[in-house]
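Data first, discussion second: the structure below is written as structure tokens.
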Amino acid sequence: MPELPEVETIARGLHATLPGRRILSVRLGKMDFIDDPAAIEREIPGTKILAVRRCGKFLLIDLESANGDVRNFSLLVHLGMTGRLVTCEARAPVLPHTHVFFALDDGRELRYTDVRRFGRMRIVTGGVRENTLDALGLDPLEASEGEFVALLKNRRARIKALLLDQSVLRGIGNIYADESLWRARIHPKRLGANLSLKELRRLYQAVRDVLNDAIEKRGSSIADYVDSDGNLGGFQRLHRVYQREGKKCFRCGAVIRRAIFAGRSSHFCPHCQPPPRVSKR
DNA sequence: CTTACGGCCTGGGTGC
DNA sequence: TGCACCCAGGCCGTAA
Numbered sequence: 005m006p007e008l009p010e011v012e013t014i015a016r017g018l019h020a021t022l023p024g025r026r027i028l029s030v031r032l033g034k035m036d037f038i039d040d041p042a043a044i045e046r047e048i049p050g051t052k053i054l055a056v057r058r059c060g061k062f063l064l065i066d067l068e069s070a071n072g073d074v075r076n077f078s079l080l081v082h083l084g085m086t087g088r089l090v091t092c093e094a095r096a097p098v099l100p101h102t103h104v105f106f107a108l109d110d111g112r113e114l115r116y117t118d119v120r121r122f123g124r125m126r127i128v129t130g131g132v133r134e135n136t137l138d139a140l141g142l143d144p145l146e147a148s149e150g151e152f153v154a155l156l157k158n159r160r161a162r163i164k165a166l167l168l169d170q171s172v173l174r175g176i177g178n179i180y181a182d183e184s185l186w187r188a189r190i191h192p193k194r195l196g197a198n199l200s201l202k203e204l205r206r207l208y209q210a211v212r213d214v215l216n217d218a219i220e221k222r223g224s225s226i227a228d229y230v231d232s233d234g235n236l237g238g239f240q241r242l243h244r245v246y247q248r249e250g251k252k253c254f255r256c257g258a259v260i261r262r263a264i265f266a267g268r269s270s271h272f273c274p275h276c277q278p279p280p281r282v283s284k285r
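With this note's numbering as the guide, the letters of the first sequence map in order to residues 5 to 285.
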């Protein structure tokens, strides 16, 4: 499941080889996950790739239009659950569910593969001022401790929901929310406003440590995730709670539990992460 | 405005 | 072997 560390790994991988390359042509398969397929087919061929970067869980491929026009623009890609963005030789075998092919001027292709097609793809213009991205909260790796604390300390929602809320913090998904809460020893059902300053600081550090460790291990390969070269990540081996229901807590030995909060599964240690006193439901 | 929650997207895995 | 159904995670719409 591509979250911040996985998208960061892919962005770095693509940024290492794509800038300067020109996109010669575009071929589309299924396109129901693309906002405006005609615009992609019309405006992408002939463009030069300037940079690849991450914003939350979004990938942005910055492009220079074919004629060197002033109007630069970007291809915005969200990988959803099963999306893959991989470069390979143009003659390389095509994986099933590959729906977008960008032919590059060095004989390679940039391909988008997505079994479930929960991903999204669209062209964005006008630099940073773009509504999809404007709605995003702070990047947890860029926010200061003070900003992080201020974001959460007055919120009456469950801390798990707040961590997942992209308009609060951008880039955290279910894996890293659960792993961060375990490291900070905070139960997912606690309310933001009920956390002590000490706990919020602990959570800030936990989130950063988890994300940085995961980036270092090139992300978590749970089901479909691979990096931009098609290689698996390594952080799934270091998960402490995610998908460890019934196994022993690495810290205290208690049995890790899984529970559904607001339709989302949460993995936690009932001993290290004590539940709120009065918990409704 | 804030929060909670159901539903939707799709198809692989599971269990009968 | 076939088949129905559960479920994944993000996001959006709705309601309280």
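Beta carbons are placed, not taken as given, at the ideal position from N, Cα and C, and that holds for glycine.
| query | result |
| --- | --- |
| Return the CA-CA distance between K36 and L137, expressed in angstroms with no decimal places. | The sequence as given places Asp at residue 36; Lys does not occur at that position. The straight-line gap from Cα to Cα measures roughly 21 angstroms. |
| Who are the Cβ neighbours of E68 in its own chain at under 7 angstroms, not counting the five residues just before and after it? | T51, K52, L54, N76 |
| Alpha carbon to alpha carbon, how far is R95 from P23? Give it in angstroms, no decimals. | 21 angstroms |
| Considering only C-alpha positions, which residue in the set I219, G250, I65 is nearest to F239? | I219 |
| Let me know the secondary structure DSSP gives S270 once reduced to three states. | strand |
| Whose C-alpha, out of F272, K164, R25, L145, is nearest the C-alpha of V111? | Reading off the sequence, residue 111 comes out as Gly, not Val. Checked all of F272, K164, R25, L145; the closest Cα to G111 is R25. |
| Mark S148 as exposed unless 16 or more other C-beta atoms lie within 10 angstroms of its C-beta, in which case mark it buried. | exposed |
| Taking V119 as part of the beta strand (DSSP E), name the residues at either end of that continuous run. | Where V119 is concerned, there is no enclosing beta strand (DSSP E), given that its DSSP letter is neither H nor E. |
| Is it true that the stretch 32-49 meets the stretch 116-124, where meeting means three or more beta-carbon pairs spaced less than 8 angstroms apart? | yes |
| Quick check: the Cα distance between S78 and R58, rounded to an integer number of angstroms? | 12 angstroms |
| Which runs of the alpha helix (DSSP H) fall wholly inside the stretch 23-78 and span at least 4 residues, in chain order? | 41-47 |
| The alpha helix (DSSP H) spanning A188 covers which residue range? | 178-188 |
| Which residues in the same chain have their Cβ closer than 8 angstroms to the Cβ of N198, if we skip the five residues on either side of it in sequence? | P280 |
| Taking the alpha helix (DSSP H) that T21 belongs to, which residues open and close that run? | 8-21 |
| Measuring CB to CB, does S232 end up less than 9 angstroms from V90? | yes |
| Between the alpha carbons of P274 and V230, how many angstroms are there, rounded? | 32 angstroms |
| Alpha carbon to alpha carbon, how far is D73 from A181? Give it in angstroms, no decimals. | 42 angstroms |
| If you count every other CB in all the chains shown that lies within 10 Å of the CB of G196, and 16 or more means buried, which is it? | buried |
| Grab the span of the beta strand (DSSP E) containing V90 for me, first residue to last. | 87-93 |
| What is the residue span of the beta strand (DSSP E) that L108 lies within? | 102-108 |
| Can you grab the Cα-Cα spacing for the pair R187 / C92, in whole Å? | 38 angstroms |
| What's the C-alpha gap between F122 and M85? | 6 angstroms |
| Just tell me which of V259, L18, P100 has its CA closest to the CA of L114. | L18 |
| Return the chain-ordered list of same chain residues with a C-beta closer than 7 angstroms to the C-beta of L215, the five sequence neighbours on each side being excluded. | L8, P9, P144, L145, Y180 |
| Put A165 into one of helix, strand or coil per three-state DSSP. | helix |
| With a threshold of 16 other CB atoms inside 10 Å of the CB of D66, please say whether the residue is buried or exposed. | buried |
| Sort K157, L28, G223, S200 by Cα distance to I176 and report the nearest one. | G223 |
| The beta strand (DSSP E) spanning I264 covers which residue range? | 261-265 |
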